[in-house]
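First the structure, in the form of C-alpha cells, and then the observations on it.
Protein chains: 2
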Amino acid sequence: MSRADTAGSGERMKVVVTRNLGPDVMPLLQERKELDLVVWPEDRPCEREWFLQNVPGATGVIVMLSDKVNQELYEAAGPTLKIVSTMSVGYEHIDLQGAAQRNIRVGYTPDVLTDAVADISIMLALMAGRNVRETTELVARGDWPNTAWAPYGFVGPQLSANWVHPTRTAGFLGFGRISKATLARLVPFGFTDCVYTSNPSSTPNPAADAETARTYGLRSVRRVGLPELAAQSDVVFVLAPGGAATHHVVDAAFLRGMKSTAVLVNTARGTLVDSDALATALRERWIWGAGVDVVEGEPHVGREHPLVREPRCVVLPHIASATIETRLGMATTAAKNLLGALFGEAMPAEVQM
Amino acid sequence: MSRADTAGSGERMKVVVTRNLGPDVMPLLQERKELDLVVWPEDRPCEREWFLQNVPGATGVIVMLSDKVNQELYEAAGPTLKIVSTMSVGYEHIDLQGAAQRNIRVGYTPDVLTDAVADISIMLALMAGRNVRETTELVARGDWPNTAWAPYGFVGPQLSANWVHPTRTAGFLGFGRISKATLARLVPFGFTDCVYTSNPSSTPNPAADAETARTYGLRSVRRVGLPELAAQSDVVFVLAPGGAATHHVVDAAFLRGMKSTAVLVNTARGTLVDSDALATALRERWIWGAGVDVVEGEPHVGREHPLVREPRCVVLPHIASATIETRLGMATTAAKNLLGALFGEAMPAEVQM
C-alpha cells in the first residue's frame, strides 16, 4: 500500500496493456492490487480505436512496436500518464519529444535480445553462403531423387577459414552489443580481422579497438568508412539503428564494392538496405548471397517482392528475437519498467531523453 | 622420366578418373606425361559399364562415393592396379579387404572437410531450434503480409545461454575432429558443458577429457552412455561413422530420452538415425526440432518422405562439405593421393588397413 501512496494517490492506477504478455508475465502486474489493469483481450495487434477509447486517465501503458505512441495518444491519455513501456528494443513508434514535454518516462527492452539476435545473425551468414534456400526448396519439392551428386554441386563460399583463405574478415555496419556478440561467435570459425563503421558523430577510439582485438584474439579491429567496409569484408552484418541517418546506407554503390564471394546479413531494420539494389546485386552476382530478417515495408512483403523472388536471398519474417527465453525476458522487462516508474523503483531500461 | 621409371616401367600408366575434377585440379594429372588419363566425359555420375570397360590394365583409379570398388572391379582391372583414390571422407564403397589382398593402396580425403561440416552443423542446430522451415516457407508462400506479430509468435528454444538457462550442454554422438571443431564454435554461444559417446571398444580417458575442457574453456567434458547423452544435451550432434555398428543408434528410445526443447543434428550418415522414429518424435513433440544433411536411403528421399513432411525437420541434400574451397581441397587431395602412390611420393591421406 505504501508504494501506491508513493505514486501520490490512494486510488487505483489505470494501466493499459495492448497485448496479453502471457501466463508467466501477467501475474507480475495482476498481483499489484494498486493497479486497474485494462488488457486488449484478443490474440492479435491492438486496434487503434480500442486503445484510444481505453487510454483516457491511464497512468501507464505497455505497448508493442505496432502501437503508435504519438501526440494523438498523449492527448487521449491526458495528464495522468507517467510511463510508456514498450516490449521492443526499438522505440521509433514513440514520440520521445512529446513524452519529454509531458514528463512521461519511456522504457524499452535492450540487452535481453542480444544473444538471440546474434544467434540468428550467424545462422543467416551461414545460410546465405551455402545455398540453403535452393537446396531445401529442392528437397521440399521432391527433387532430391533426381539430383545426382557432383564434385562442385551446390558449392558456396566457406564461412570459416580454410586452406585457400586462411584469414577471414567480419564487417559490421554499426558496432554495438549485438555486433560484438556476433563477432565473438565468429572467432572459432577462424575469423582473424574485423572492420566496422560507426555513427560519424562519435569519436574514433583506436585504443578501444586494440582492446577489442585483444579480447577476442583477433589480428585487427578497425573503424573504417563504408567503401572499405564493403571491400574488406567476407560477411557484412547490418546492425545499426534505423531512421533517416541510416536510410539505404546499403545501396547499389555499397553492394558493388563488396567481394563477389561475400554475403550480406541484415538483422537490424529494413530501411538500412535498398531492397531493389540488393535484388539486383544477387541477380547479377555482385555478391554471393544475403540473409535478411527485416525488409523495408514489412510486413507488406509478398511472394512477388524482389528479395523473396531471389533464390540467393533468405528472408525471415522478423523473428531474430523470437526465442522463448528472450521474449519472456522482453515481456518481463516491459512489465518491470512500468512498475518501476509507477512505484518509484528502478526501471531496468529507461530511454534517456 | 625417372619417376615413371620408379613405377617399374617405361610405358605410360593408365589412370581412370570417374569424374572430371575441374579446371583447377585436372592439370595436376594432365601435366604428368607418364600418365595415360581416361576420364568419364559427362557431367553426371560415371556409368558402371563404362568404368568396367575402361579399367582393365589401369594402374590407378580416382573414384567418387557413388562408384562401387568391389571384387568385380578389381578383377576387371587386373594385377596392374596399385591405387584406389576416392574423393570422399567415407570409404564404405570400397572393398578394403580385397584391396589389401591385392596390395592395392587406398586414399581418401579426411580433414579438409572438417570445417565445412562443422559450419553446417552449427547452421542446422540454429535452424532446427528457430522454426526456420516454417517461417521461410511462410514468406515464400506470400503469407508475411497476413501474419501479425505476436509476443510469442514463432518462438523456439534459444541455442545460446540466456537468463533462463545460464548453462548449455552440447552432446556428440562420436567425438572426432568434426565434433571438436563444432564444439569450438559453440563456446561463444555460452556452452558450458559437453557430453559425448565413443566407440565402446576404445578406452575412456578422463585426463584427455579434462584437457579438452581446459582447451575450450568448458566446465566439463564427459564421456557418457547413450541414455545420459540423450538426457543431458540441449543439442545432439550425430557425428559418428556409418556401418552396422551404428545402425539406428538414434532410435525411439534415444529420442524419448531427449529434452523436449532439444534439437538433433545429423551431418554424418543417414543410417545412424531411424527416420520413422525421428518423424514421430517431431510430430509428437518429444524433441523440438531436427536438422539433417543425410537421410537413410538417400537420394531416394521424395516429398512424401516422413522427414520431408515434418515442418520441424530441416532436410539438406548432403551438402555439408559443399564449399568451393573444401571440394577443391578434396579433389586436390584425391589427385595427390593417386600421384603419391604411383610415383613413390607421400600420400596425403592413406586408409590404414
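Chains as they are written, first to last, in the numbering used here: chain A, 108 to 460; chain B, 108 to 460. Using N, Cα and C, we set each Cβ at its ideal position, and we do this for glycine too. Everything numeric in this text was worked out from a predicted model, so none of it was measured.
* To do: Using three-state DSSP, classify A:Leu-449 as helix, strand or coil.
  => helix
* Excluding the five sequence neighbours on either side, which residues of its own chain have a C-beta within less than 7 Å of the C-beta of B:Ile-201, listed in chain order? -> Val-176, Val-191, Thr-193 and Val-213
* Cβ of A:Leu-188 within 8 Å of Cβ of A:Ile-211? -> yes
* Tell me whether A:Tyr-323 sits in a helix, a strand or coil according to DSSP, three-state version. => helix
* Examine chain A for any beta-carbon lying closer than 8 Å to the beta-carbon of B:Tyr-259, and answer yes or no. => yes
* Less than 8 Å separating the beta-carbons of A:Glu-417 and A:Arg-390? -> yes
* Using a Cβ-Cβ distance under 8 Å, would A:Trp-270 count as near chain B? -> yes
* Cα-Cα separation, B:Arg-292 to A:Pro-295 -> 5 Å
* To do: Flag this pair as yes or no: are the beta carbons of A:Thr-440 and A:Ala-427 separated by less than 8 Å?
  => no
* Asked: Any Cβ of chain B within less than 8 Å of the Cβ of A:Glu-138?
  -> no
* To do: Could you check what DSSP says for B:Leu-414 in three-state terms: helix, strand or coil?
  => coil
* **Identity of the residue in B:Gly-197, B:Gly-164, B:Val-168 and B:Leu-423 nearest B:Cys-153 by Cα** => B:Val-168
* Would you verify that the beta carbon of B:Pro-406 is, or is not, closer than 8 Å to some beta carbon of chain A? => yes
* From A:Ser-228 to B:Gly-236, what does the alpha carbon distance come to, in whole angstroms? -> 14 Å
* Asked: Where does A:Ala-111 fall in DSSP's three states?
  -> For A:Ala-111, the pLDDT reaches just 41, beneath the cut-off of 50, and the residue's location in the model is therefore unreliable, although a value from the coordinates is still provided. Three-state result, A:Ala-111: helix.
* Identity of the residue in B:Asn-269, B:Arg-326 and B:Phe-298 nearest A:Ile-431 by Cα -> B:Asn-269
* First and last residue of the uninterrupted alpha helix (DSSP H) at A:Thr-254 -> Here A:Thr-254 belongs to no alpha helix (DSSP H), and DSSP marks it neither H nor E.
* DSSP on A:Leu-172, reduced to helix/strand/coil? -> coil
* Does any CB atom of chain B fall closer than 8 Å to the CB of A:Ala-456? -> no
* Going by Cα to Cα distance, which pick from A:Leu-220, A:Pro-313 and A:Thr-319 is closest to B:Val-271? -> A:Leu-220
* **Buried/exposed call for A:His-412, threshold 16 Cβ in 10 Å** => buried
* Buried versus exposed, by CB contacts within 10 Å (16 or more), B:Met-454 -> buried
* Asked: In terms of residues, what are the limits of the alpha helix (DSSP H) holding B:Tyr-181?
  -> 178-184
* Asked: Over what stretch of residues does the beta strand (DSSP E) that includes B:Ala-397 continue unbroken?
  -> 396-399
* Hey, B:Gly-278 and B:Gln-204 are a contact pair by Cβ (cut 8 Å); roughly how many whole angstroms apart? -> Not confirmed; about 34 Å, so no contact.
* **Continuous beta strand (DSSP E) assignments of at least 3 residues falling wholly in the stretch 295-383 of chain A** => 300-304, 327-330, 342-345 and 370-373
* Can you give the Cα-Cα distance for B:His-355 and B:Ser-195, rounded to whole angstroms? -> 23 Å
* Asked: Name the chain B residues that come within less than 9 Å of A:Asp-226, Cβ to Cβ?
  -> Leu-233, Gly-236, Arg-237, Gln-265, Leu-266, Ser-267 and Phe-296
* To do: Check each candidate in B:Leu-325, B:Ala-317 and B:Arg-284 and name the one with the smallest Cα separation from B:Val-224.
  => B:Arg-284
* Asked: When you compare each of A:Tyr-323, A:Ala-288 and A:Arg-434 to A:Thr-299 by their alpha carbons, which one comes out closest?
  -> A:Tyr-323
* **Rounded separation between B:Gln-137 and B:Pro-163 - CA only** => 20 Å
* Any chance the stretch 250-257 of chain A sits against the stretch 246-261 of chain B, with 3 or more Cβ pairs inside 8 Å? -> no
* To do: Leaving out five residues on either side along the sequence, give the residues of the same chain with a beta carbon under 7 Å from the beta carbon of B:Phe-361.
  => Leu-333 and Ala-337
* By a C-beta neighbour count over all protein chains shown, 10 Å radius and 16 as the cutoff for buried, is A:Gln-459 buried or exposed? -> exposed
* Asked: Exposed or buried, what is A:Asn-306 when buried is set at 16 or more other beta-carbons lying within 10 Å of its beta-carbon?
  -> exposed
* **Reference A:Leu-371, options A:Thr-243, A:Ser-327 and A:Ala-232, closest by Cα** => A:Ala-232
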